[in-house]
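S.K.: Residue numbers (the working numbering): 389 to 662. In this text, a Cβ means the ideal position worked out from N, Cα and C, and glycines have one as well.
1) Quick check: what's the CA-CA separation for residue 650 versus residue 633?
2) Which of helix, strand or coil does DSSP assign to residue 447?
3) Skipping 5 residues on each side, what residues in its chain have a beta carbon closer than 8 Å to that of residue 518?
4) Sorted by chain position, which residues of the same chain lie with C-beta nearer than 6 Å to residue 558's C-beta, five sequence neighbours on each side aside?
5) Could you say if the region 436-454 and the region 480-488 meet the contact criterion of at least three C-beta pairs nearer than 8 Å?
6) Can you tell me which of the three DSSP states residue 512 falls into?
7) The beta strand (DSSP E) spanning residue 507 covers which residue range?
8) Which residue comes first and which comes last in the alpha helix (DSSP H) that contains residue 409?
9) Measuring CA to CA, which of 402, 431, 401 is closest to residue 412?
10) Going by other Cβ atoms of all chains shown within 10 Å of its Cβ, with 16 needed for buried, is residue 645 buried or exposed?
11) Just mark residue 416 as buried or exposed, buried being the case when its beta carbon has 16 or more other beta carbons within 10 Å.
12) Just to confirm, is the Cβ distance from residue 526 to residue 489 under 9 Å?
13) Just checking my contact of residue 456 with residue 400 at CB under 8 Å: how many whole Å lie between their CB atoms?
14) So, is residue 606 buried or exposed, given that buried needs 16 or more other C-beta atoms within 10 angstroms?
15) For residue 600 and residue 528, what's the separation of their Cα atoms in angstroms?
16) With the cut-off set at 9 Å, would you say residue 512 and residue 491 are in Cβ contact?
17) Taking all protein chains shown into account, do 16 or more other C-beta atoms lie within 10 angstroms of the C-beta of residue 574, making it buried, or fewer, making it exposed?
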């Protein structure tokens, strides 16, 4: 068996290479001629949409084999890529991070022989991958902190998986009239042996990492009391109960209206009201 070295991934996509070397052909009226492109060297090639960039790339590979070197020396505006501003090691680390995070894989996967065999990314250690992820977390935290106003709301969401309870905390604020809800933290609630699900434990957790809750109404009320802030969700729930109690006296009228609206769903019946 002969061991063959796998060729490295191309630095640029076919679309970027074709856009760098080719421009659409134009007629005497300066109108674009569909499916015909002129290379920098003057060669005209036809390329249909259904074939992608195969014909154009064939010309570049044959006539301009040093295209990667040429494009690396060009500006980002010319190539449509910021590749020449990014170190190769950073690109490789980013590739591993995207693969492992989006596929929910363990960090040790980057040291797997099979992973290195069937993927073109260069080998990387688990320690290097972990350090890179921690650096990304710090950068994201600084970015979120720079956008947070002096006062903002929090949204809590909790769920249980395999007897482990998790809580996610979102900030809620506006930037130029647009609602923003960045994720601030997401972690298990019970980390120590003496931790429990009481309201005091919730308050202790709030003091270290922003508010965390697991969705129980009584705990929500107690945490809001301890924090001395209004609980909007519980106030809305009380309003809903009050409205339901008030509408109970008109149940027959509401049922009649509901029955009428069901009958008017069809186009023929609704046309009689016009």
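M.R.: According to the structure data:
1) Position 262 of the chain shown, counting from 1, holds the residue named residue 650. Position 245 of the chain shown, counting from 1, holds the residue named residue 633. Approximately 24 Å, taken between the alpha carbons.
2) Here residue 447 refers to the residue found at position 59 when the chain shown is read from its first residue. If DSSP states are grouped into helix, strand and coil, residue 447 belongs with the helices.
3) To locate residue 518, count along the chain shown from 1; it is residue 130. Excluding the 5 residues flanking it on each side, residue 518 has same chain C-beta neighbours closer than 8 Å at 495, in chain order.
4) Numbered from 1 along the chain shown, position 170 holds the residue referred to as residue 558. Once the five neighbours on either side are set aside, the close Cβ partners of residue 558 are 543, 569, 571.
5) Look at the beta carbons and you see the region 436-454 not touching the region 480-488: under three pairs across the two are nearer than 8 Å.
6) Residue numbering aside, residue 512 sits at position 124 when the chain shown is read from its first letter. DSSP places residue 512 in coil when its eight states are reduced to three.
7) Counting from 1 along the chain shown, the entry for residue 507 is found at position 119. Run containing residue 507: none; DSSP gives neither H nor E here.
8) Within the chain shown, the letter at position 21 stands for residue 409. Looking at the DSSP string, the run of the alpha helix (DSSP H) that includes residue 409 is 402-409.
9) As a first step, residue 412 is located in the chain shown; it is residue number 24 there, counting from the start. Looking at the Cα atoms, 431 is the closest of the given residues.
10) Position 257 of the chain shown, counted from the first residue, corresponds to residue 645. With fewer than 16 Cβ atoms within 10 Å of its Cβ, residue 645 is classed as exposed.
11) Locating residue 416 in the chain shown gives position 28, where the first residue counts as 1. Its Cβ having fewer than 16 others within 10 Å, residue 416 is exposed.
12) One-based indexing of the chain shown puts residue 526 at position 138. One-based indexing of the chain shown puts residue 489 at position 101. It is not a contact, given that the beta carbons lie outside the stated cut-off.
13) By one-based count along the chain shown, residue 456 stands at place 68. By one-based count along the chain shown, residue 400 stands at place 12. Residue 456 to residue 400, Cβ: 7 Å. Contact.
14) Here the question's residue 606 lines up with position 218 in the chain shown. Because residue 606 carries a pLDDT of 49, less than 50, the predicted location of this residue cannot be relied on, and the following value inherits that uncertainty. By the neighbour-count rule (16 or more Cβ atoms within 10 Å), residue 606 is not buried but exposed.
15) Reading the chain shown from its first residue, position 212 is the one you call residue 600. Reading the chain shown from its first residue, position 140 is the one you call residue 528. Because residue 600 sits at a pLDDT of 37, beneath the cut-off of 50, its placement in the model cannot be relied upon, and the following sentence gives the value as read from the coordinates. The straight-line gap from Cα to Cα measures roughly 20 Å.
16) Translated into the one-based positions of the chain shown, residue 512 becomes position 124. Translated into the one-based positions of the chain shown, residue 491 becomes position 103. No. Outside cutoff.
17) Start at 1 with the first residue of the chain shown, and residue 574 comes out as number 186. The residue in question, residue 574, is exposed, as its Cβ has fewer than 16 Cβ neighbours within 10 Å.
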